[in-house]
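Everything on this sheet refers to the single structure shown next.
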Amino acid sequence: MTSPLAGPADAAGPAGGRRPLRGAVALVTGGAGGIGAAVVEALEAAGARTAVLDQEDALERAAPAHPPAGERLLLDCDVTDAAGVEAAVREVAERAGRLDVVVNCAGTAAIAPALELDLAGWERTLRVNLTGSFLVSRAAAPHLARAGGGRIVGIASQAASVALPGHAAYAASKAGLLGMTRTLALEWGPLGITVNTVSPTVVLTPLSRPNWDNPAGDALRAQIPVGRFAEPGDVAAAVVYLAGPGAAMVTGHDLVVDGGYTIR
Ligand SMILES: NC(=O)c1ccc[n+]([C@@H]2O[C@H](COP(=O)([O-])OP(=O)(O)OC[C@H]3O[C@@H](n4cnc5c(N)ncnc54)[C@H](O)[C@@H]3O)[C@@H](O)[C@H]2O)c1
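Encoded structure:
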């Protein structure tokens, strides 16, 4: 049976260097979420074939937005489950015949003043945002290297660089992601793999709406020089750049998509 991700054997060519996105195979964790879905659509619009790794309930909720079976591979996978991640990444690479791009977009946030933040919320946030990104990157790197190199893009946050009230666990997870990204970029550069992050300001999605769709959000928005929150498409465009041929010499970088919020 033909795999939904299978393309012409020579579709992508060598994945490293200035490989075009057309024909490349991209895996997006959290791809059923607000930002992840926009990333998947933007990568597909650029010609990539995609696989979405997300939790079953999120995949079901997003089902109407997904095209008919056969065009996009959907995998139920908890990014904090090391064995499950290894199996899911292997399945994508085997069914597609290659893996070129990984976007670590799965995320969660326990938001509370530090004195009220419970250990479970702290650990869940670190485990999904940081450990999950590590597990997926580590599982993917051999497949990316086998394809001649590739791209890893993590979705970090402005909270990695500036203090936001209630964001102790989230900030720690995203600052950790930036540190991990620089180290992976150093270690995997010789394999032809670039590793970068995108750090958005607030994007109104199911994750952020409870925290920012309120007067606190209005106050934050007023401090963004361009005068608005980011849209999922703003983040997706940055991911497409970092995953595409124009960013071949960019690695270990955090691309801030915040309308200028963090320049002060
Ligand atoms: N929305 C914002 O304001 C904002 C700002 C900066 C950064 N980010 C980051 O962008 C990413 C996407 O956020 P979003 O706003 O689209 O949120 P979202 O809640 O809409 O999407 C997150 C997705 O991650 C999935 N996910 C959560 N835990 C998972 C797990 N253990 N295994 C697999 N999948 C899991 C969810 O099912 C969901 O589909 C996150 O990493 C988030 O931290 C968001």
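Taken in order, the sequence shown gives residues 209 to 472; the numbers are from our numbering.
No residue lacks a Cβ here, since even glycine has one placed at the ideal position from N, Cα and C.
Kindly indicate the opening and closing residues of the alpha helix (DSSP H) around residue i.
{"i": "Pro418", "result": "Arg417 to Trp420"}
{"i": "Ala427", "result": "Pro423 to Ala430"}
{"i": "Val192", "result": "Within the shown structure, residues of the chain are numbered from 209 to 472, placing residue 192 beyond reach of any answer."}
{"i": "Arg436", "result": "Note, Arg436: premise wrong, no alpha helix (DSSP H); not H, not E."}
{"i": "Ser369", "result": "From DSSP, Ser369 is part of no alpha helix (DSSP H); its letter is neither H nor E."}
{"i": "Val344", "result": "Gly340 to Arg354"}
{"i": "Thr333", "result": "Leu327 to Leu334"}
Please report how far the alpha carbon of residue i lies from the alpha carbon of residue j, in whole angstroms.
{"i": "Leu412", "j": "Val370", "result": "19 Å"}
{"i": "Gly384", "j": "Leu392", "result": "12 Å"}
{"i": "Ala314", "j": "Pro440", "result": "14 Å"}
{"i": "Met388", "j": "Glu299", "result": "25 Å"}
{"i": "Asp462", "j": "Thr405", "result": "5 Å"}
{"i": "Pro321", "j": "Ala446", "result": "31 Å"}
{"i": "Val309", "j": "Ser345", "result": "10 Å"}
{"i": "Gly457", "j": "Trp396", "result": "Checking the sequence shown, residue 457 turns out to be Met, not Gly. Roughly 13 Å between the two C-alpha positions."}
{"i": "Leu415", "j": "Ala317", "result": "7 Å"}
{"i": "Gly452", "j": "Ala353", "result": "16 Å"}
{"i": "Thr258", "j": "Ser341", "result": "18 Å"}
{"i": "Val465", "j": "Leu229", "result": "21 Å"}
{"i": "Ala349", "j": "Pro398", "result": "12 Å"}
{"i": "Val233", "j": "Gly255", "result": "9 Å"}
{"i": "Val487", "j": "Val448", "result": "No answer is possible for residue 487: the residues shown for the chain start at 209 and end at 472."}
{"i": "Gly454", "j": "Ala270", "result": "31 Å"}
{"i": "Ala217", "j": "Gly231", "result": "Caution applies to Ala217, whose pLDDT of 37 falls short of 50 and renders its modelled position unreliable; the value that the coordinates give is listed next. Roughly 10 Å between the two C-alpha positions."}
{"i": "Arg429", "j": "Val443", "result": "17 Å"}
{"i": "Gly221", "j": "Arg227", "result": "Because Gly221 sits at a pLDDT of 40, beneath the cut-off of 50, its placement in the model cannot be relied upon, and the point is left open."}
{"i": "Leu338", "j": "Ser381", "result": "5 Å"}
{"i": "Glu252", "j": "Asp262", "result": "18 Å"}
{"i": "Pro433", "j": "Ile471", "result": "9 Å"}
{"i": "Asp426", "j": "Glu279", "result": "39 Å"}
{"i": "Leu386", "j": "Asn422", "result": "29 Å"}
{"i": "Ala355", "j": "Ala301", "result": "10 Å"}
{"i": "Asp326", "j": "Pro373", "result": "16 Å"}
{"i": "Gly460", "j": "Thr402", "result": "7 Å"}
{"i": "Asn419", "j": "Leu334", "result": "18 Å"}
{"i": "Val311", "j": "Ala250", "result": "12 Å"}
How far does the beta strand (DSSP E) with residue i in it extend, from its first residue to its last?
{"i": "Gly292", "result": "Taken as a continuous stretch (DSSP letters only), Gly292 belongs to no beta strand (DSSP E), being part of the alpha helix (DSSP H) at Ala290 to Ala304."}
{"i": "Gly158", "result": "The question about residue 158 has no answer, for the chain in this structure spans 209 to 472."}
{"i": "Thr258", "result": "Arg257 to Asp262"}
{"i": "Arg390", "result": "From DSSP, Arg390 is part of no beta strand (DSSP E) but of the alpha helix (DSSP H) over Ala376 to Trp396."}
{"i": "Arg227", "result": "First-last for Arg227: undefined, no H or E at that position."}
Sort out for me which residues DSSP pairs residue i with in a bridge.
{"i": "Ser407", "result": "Val464"}
{"i": "Val311", "result": "Val236 and Val361"}
{"i": "Ile243", "result": "Answer by DSSP bridge pairing: none, since Ile243 is not bridged."}
{"i": "Thr402", "result": "Arg359"}
{"i": "Asp284", "result": "Asp262"}
Assuming the contact rule is C-beta atoms closer than 8 Å, residue i and residue j should be a hit. Round their C-beta distance to whole Å, please.
{"i": "Leu281", "j": "Arg303", "result": "6 Å"}
{"i": "Val410", "j": "Ala438", "result": "7 Å"}
{"i": "Val293", "j": "Leu343", "result": "5 Å"}
{"i": "Gln431", "j": "Tyr469", "result": "6 Å"}
{"i": "Asp467", "j": "Arg436", "result": "Going by the sequence as given, residue 467 is Gly instead of Asp. Yes, Gly467 and Arg436 are in contact; Cβ-Cβ is about 7 Å, under 8 Å."}
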